[in-house]
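Okay, so here's the structure we're looking at.
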Amino acid sequence: MHTEIVFPFLNFFLFLFLLFWFSRKPVRAMLEKKRLLSQLQLEAAELAARAAEAASLELQEKTKSLEGELQKLRGEADARSRVFTEEALARGALLSQKIAKETQEMMDAEFLRAQAQLQTDLLSLVEVAVVEKIRNQQGNEQQKKEFSHNMQTVAGLLAEGKL
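Quick note: the sequence shown uses this note's numbering, first residue 1296, plus one each step.
Here is the structure:
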């Protein structure tokens, strides 16, 4: 009875031993390959992570550099716009002064022309008035002469007694 129980166990253990003995090298080789493959994949992942980190740092540096350039360009644009504004205001002030000067010159010329016209008109009016006064005086003198002549005639007629 012992043999019926012992032989199957022995047979089973012998089978396991032979299975272990013959499959040990291929299983170890397969496990070693898997371990090497896993190690290579892990190293590749680490390299990829380092490359990604380096690329990220590089992009951050480029971003900082671009932000610096952007700030510089903004500063330059602000400076240029201030200069342009100042130049435009200066040109506007010069143009305003020029227009004011030209306007003043035109007003002075118009004033002188109007003054000359007024003098001419005034002289014409004075001339007309003087001529009329002279005519009136001449007419009055003529009337005085006629009146004096008429009075002499009347006095002469009175003296002769004809009147």
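Ideal placement from N, C-alpha and C gives every residue a C-beta, glycine not left out.
Since the structure is predicted, the reported quantities are computational estimates derived from the model, not experimental observations.
Alpha carbon to alpha carbon, how far is residue j from residue i? Give it in angstroms, no decimals.
i: GLU1327; j: LEU1314; result: 19 angstroms
i: PHE1317; j: PHE1310; result: 11 angstroms
i: LEU1417; j: SER1391; result: 37 angstroms
i: LEU1337; j: GLY1370; result: 48 angstroms
i: GLU1436; j: ALA1411; result: 36 angstroms
i: ALA1450; j: THR1415; result: 50 angstroms
i: ARG1386; j: ARG1375; result: 16 angstroms
i: GLN1355; j: GLU1348; result: 10 angstroms
Give every residue of the same chain whose Cβ lies closer than 6 angstroms to the Cβ of residue i, excluding the five residues on either side of it in the sequence, and list them in chain order.
i: VAL1425; result: none
Starting from the C-beta of residue i, find all residues in its chain whose C-beta is less than 8 angstroms away, skip the five residues before and the five after it, and write them out in chain order.
i: ALA1395; result: none
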